[in-house]
Every structure is written in C-alpha cells, then in structure tokens.
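Residue 42 in the numbering used here sits at position 38 of the sequence shown, and the numbers go up by one each step. Positions of the beta carbon are idealized from the N, C-alpha and C atoms, including for glycine.
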Amino acid sequence: MFEKILVAVDGSNQARKAVDVANNLAERYHSSVCLLHAYPKIADYIGSPAFEDMIEIRTMDGQELLQSMIHHMHTSVPVETQLLEGPPASAILEVAETEGFDLIIMGSRGHNPVVSLLMGSVSREVSQKAHCPVMVVH
C-alpha cells in the first residue's frame with residue numbers, strides 16, 4: 005500500500021506520535037521511512053563568525069533530533085534521514101514530490117504555536133498542496 009513514507013519531525017510531541025504511526029504502518033506494509041527535519045533559513049551574514057556558529061549549531065541540533073527519532077522507533081524498518089534548511093512546508097512538499105513518497109505523516113502542531121499563527125500552519129499547507137496522501141497526527 006505505502007512503499008515510501010515521509011515523516012516530518014520537529015521534536016514536538018505530535019512529531020513523536022507521527023513517528024510512532026509511521027513505524028506501525030511501515031512494519032505492517034514493509035515500507036521504508038524517511039525522517040525529514042527542515043528548519044527556516046537563517047539570514048545570510050556571509051563571513052560572520054556568528055553566522056557560521058549558528059549554522060553549525062542548527063545542523064548539530066537537527067542531526068541529534070533525527071537520531072533521537074530513529075532510536076525512538078526501535079524497529080528493523082529501513083530508515084533514512086534528511087536535514088534541510090528552508091521553509092519547512094516547502095521542503096516537505098519538494099522532497100515528497102521529487103522522491104516519489106506515497107504518504108506524508110506529520111504532527112498537527114509544531115513547537116511554536118505563536119509562529120504557526122503568524123506564518124500559517126505547516127501541516128495545513130502541506131495537506132493542501134501535496135500530491136500524495138497526508139496523515140496529520142494529533
């Protein structure tokens with residue numbers, strides 16, 4: 005049914021629940037899973053040591069988040085990860101389409117509800133624009 009499942013993760017409780025759902029579906033349907041974490045682009049201050057440090061910290065934090073989600077799965081399901089810089093909804097949609105995912109699973113809310121109110125909901129945008137089914141986990 006679902007050969008390739010894309011799971012958007014941000015460290016929130018809803019994202020952990022999305023990983024649990026993906027794990028169960030992947031085991032049932034013998035699917036592969038890709039955990040994707042996208043973070044908003046940092047304004048470019050080329051040559052600034054502070055900018056370089058911010059990128060390094062974000063990259064390390066993102067890698068740690070993805071590894072913690074893999075360990076959370078406790079499964080033999082094939083899992084890959086992607087860490088991307090850019091608007092999360094755009095990154096999720098682009099990866100899902102270009103890599104031919106059959107299903108996107110994501111949490112209903114991220115870490116920052118205030119940002120969601122100001123910028124729009126990532127899950128709403130993805131569910132409206134995706135070319136494959138989207139499962140939003142509460």
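Secondary structure note for His41: its beta strand (DSSP E) is the uninterrupted segment 36 to 43. Within the DSSP bridge table, the entry for Val140 names Met110 as partners. Separation of the CB atoms of His41 and Leu70 is rounded to 6 Å, and the pair is thereby assigned contact status at 8 Å. Shown here, Ala12 sits in a strand according to DSSP, grouped into three states. A distance of 8 Å or more separates the beta carbons of Pro53 and Pro91.
The shortest CA-to-CA distance from Met5 to any of Cys136, His142, Val141 is the one to Cys136. Per the coordinates, the alpha-carbon of Val140 lies some 5 Å from the alpha-carbon of Met110. Straight through space, the alpha carbons of Gln132 and Ile96 are spaced by roughly 12 Å.
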